[in-house]
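The structure appears below as C-alpha cells.
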Amino acid sequence: MSLSALLEARIAREGPITLAEFMEAALTHTEFGYYIKRDPLGAGGDFTTAPEISQLFGEMLGAWLADAWRQAGAPSPFLLLELGPGRGTLMNDALRATRNVEGFHQGLRLFLYEASPALQQAQRLTLSKYSISIQWLERVSQLTDFIISQSTDLPLFFLANEFFDALPIRQFIERDGVREERRVDCRSGAFCFTHEPENLAIRESCEPAGEILSLLASYIARRGGAGLVADYGYSGGSRGDTLQAVRHHAYADPLKNPGEADLTAHVDFDALAAAARKAGAKTHGPAAQGAFLQRLGIELRAAALMRNANPAQAEALMSGMQRLIHPAQMGRLFKILAVTHPALDQPAGFD
Ligand code: SAH
Numbered sequence: 001m002s003l004s005a006l007l008e009a010r011i012a013r014e015g016p017i018t019l020a021e022f023m024e025a026a027l028t029h030t031e032f033g034y035y036i037k038r039d040p041l042g043a044g045g046d047f048t049t050a051p052e053i054s055q056l057f058g059e060m061l062g063a064w065l066a067d068a069w070r071q072a073g074a075p076s077p078f079l080l081l082e083l084g085p086g087r088g089t090l091m092n093d094a095l096r097a098t099r100n101v102e103g104f105h106q107g108l109r110l111f112l113y114e115a116s117p118a119l120q121q122a123q124r125l126t127l128s129k130y131s132i133s134i135q136w137l138e139r140v141s142q143l144t145d146f147i148i149s150q151s152t153d154l155p156l157f158f159l160a161n162e163f164f165d166a167l168p169i170r171q172f173i174e175r176d177g178v179r180e181e182r183r184v185d186c187r188s189g190a191f192c193f194t195h196e197p198e199n200l201a202i203r204e205s206c207e208p209a210g211e212i213l214s215l216l217a218s219y220i221a222r223r224g225g226a227g228l229v230a231d232y233g234y235s236g237g238s239r240g241d242t243l244q245a246v247r248h249h250a251y252a253d254p255l256k257n258p259g260e261a262d263l264t265a266h267v268d269f270d271a272l273a274a275a276a277r278k279a280g281a282k283t284h285g286p287a288a289q290g291a292f293l294q295r296l297g298i299e300l301r302a303a304a305l306m307r308n309a310n311p312a313q314a315e316a317l318m319s320g321m322q323r324l325i326h327p328a329q330m331g332r333l334f335k336i337l338a339v340t341h342p343a344l345d346q347p348a349g350f351d
C-alpha cells in the first residue's frame, strides 16, 4: 500500500477531497506522512532552515526570549513551548545562549509540539545534554488539553520557526460572487485540481494556523508571556496560489508523490496577527527577518564568535549570517511576528 493508492481509493469513494485533506495526509499521515517517516532537514534531506544554516539564529531567538521573560518580571516557573522543533537545533542554540541568564533554565518547563516520532527522537538526542525534562505533545487535541489544563498561572513563552507553513491550507476561487473550493481529484491514476484558474484568482486560508495561534494567544493574554512566529510569508493581501513542494532542494509538483516531498504554503501574517489580537494578545510586526536580527545585534554576536574562530569557521559564520539577513536571501521573505501579553509592549527587535 502507498499513500497515493490510499488517497486514490478515498477519492474514488468520496469524490474530490479538499487541498487541506490532501496536505494533511501527505505531511502527517500516521504511516506514510512526509514528516512521520524521515528527518527531512539538511544537505542530505530536502530543505534547510535558518537554525540549520547558522547557530546565530537560535542564539538571537534565545536572547529575545530571555529578554521578554525579564520584561515580564522573570517569572519562575514558566512554560517554554516550541512548535515543530525539527532536529532540536533552534532550542539547543537558544538554551546554550541563555545558560548564564540567572534563573532562566531553572524556571523553565519545556514542551515540544512535534508530530514526527523520528524528529522527536532527534530532539531528545540534541537536547539530552541539558538536564531539563521534556514533554512532547503530538496533536492539536493534546496541545489544547495542555493549554486548557494549565490550571496554574504559569506564563507561556513560545517559539515557532517554519512550523506554520507546514499546516494544511484550503484554496478558494471566487466566480461571479460565488466562492468555490479548489479540490484534489484523481484522473487516470494522477492527482489533479478540480479548478485551474489564474494563479492570482486563488485565495488561501489556513484554519489550523489560526486555531493554534489563538489558543496560545488567549493563554498568554490571561496568564502572561510572549512568543515568536518566524516563517516565510506575506502581509498586506493575498498572493494567490502559494502552495509549493520541495524535494532534494528543488521545487516539485505538489500533487505528485504525496508523502515524498515537503509541502508548504506561504504564511499569511495578517491573518495570524488578527487571530492573536482577537484572542486578546498584543502583536508586533511582522518585521523582516533581516531587520529583526540586526536590531537584536546579530552582527555583534558574529564578531564576538569570530574572535575565536579559525578562517574556515569565520567564513561559515559570515556566510551563514548573510543568508539569514540579506534581503535577496532570507532577510526579507522571512518574517517575524511577536505575540505578547498586552503589558509587554516593547519586545526587542521591532520598530
Ligand atoms: N523548526 C525546525 C523544523 C521546521 S520543519 C527548523 O527550523 O529547522 C517543520 C517542523 O514542524 C518539523 O519538526 C515537523 O515534523 C513539524 N510539524 C509539521 N506539521 C506538524 C503538525 N501538524 N503537528 C506537529 N508538528 C508538525
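FYI, the numbering for the sequence shown is 1 to 351, going by this note's numbering.
A virtual CB, placed ideally from N, CA and C, is assigned to each residue, including glycine.
Residues bridged to residue i (per DSSP)
i      : result
Thr28  : Answer by DSSP bridge pairing: none, since Thr28 is not bridged.
Tyr232 : Phe334
Ala265 : Ala265 is not bridged to any residue.
Val184 : Ile17 and Phe193
Ala323 : Looking at the sequence shown, residue 323 is not Ala but Arg. Paired residue(s): none; Arg323 is not in a bridge.
Gly227 : Phe158 and Val339
His249 : According to DSSP, His249 bridges with nothing at all.
Leu83  : Tyr113 and Ala160
Ser131 : In the DSSP output, where bridge partners are listed per residue, Ser131 has none listed.
Distance cut-off 7 Å: residue i Cβ against heavy atoms of the ligand SAH
i      : result
Ala166 : yes
Glu52  : yes
Leu90  : yes
Pro161 : Residue identity check: residue 161 is Asn in the sequence provided, not Pro. It does: the Cβ of Asn161 is within 7 Å (strictly closer) of some heavy atom of the ligand SAH.
Gly210 : no
Glu59  : no
Tyr113 : yes
Leu200 : no
Tyr251 : no
Ser116 : yes
Pro85  : yes
Thr49  : yes
Tyr35  : yes
Thr340 : no
Thr194 : no
Leu27  : yes
Leu215 : no
Leu41  : yes
Sub-8 Å separation of residue i and residue j beta-carbons
i      : j      : result
Leu167 : Ala338 : no
Arg247 : Asp46  : yes
Ala115 : Gly210 : no
Ile134 : Leu108 : no
His266 : Tyr232 : yes
Gly349 : Phe269 : no
Asp93  : Pro51  : yes
Glu59  : Arg223 : no
Gln289 : Thr264 : no
Gln171 : Asp253 : no
Val101 : Ala66  : yes
Ala261 : Asn161 : no
Ser54  : Gly320 : yes
Thr340 : Ala281 : yes
Leu159 : Leu90  : yes
Exposed unless 16 or more other CB atoms sit within 10 angstroms - verdict on residue i
i      : result
Cys192 : exposed
Gly44  : exposed
His326 : exposed
Asp351 : exposed
Met1   : exposed
Ala12  : exposed
Tyr251 : exposed
Leu123 : Sequence inspection shows Gln at residue 123; the Leu mentioned does not correspond to that position. Result: buried.
Pro311 : exposed
Val184 : buried
Arg99  : exposed
Leu200 : exposed
**Prompt:** Is there contact between the region 129-146 and the region 197-217, where contact requires at least three CB pairs shorter than 8 Å?
**Reply:** yes
**Message:** Taking contact to mean 3 or more Cβ pairs, one atom from each stretch, closer than 8 Å, check whether the region 185-203 and the region 75-90 are in contact.
**Reply:** no
**Message:** Three or more C-beta pairs under 8 Å: does that hold for the region 26-35 against the region 112-128?
**Reply:** yes
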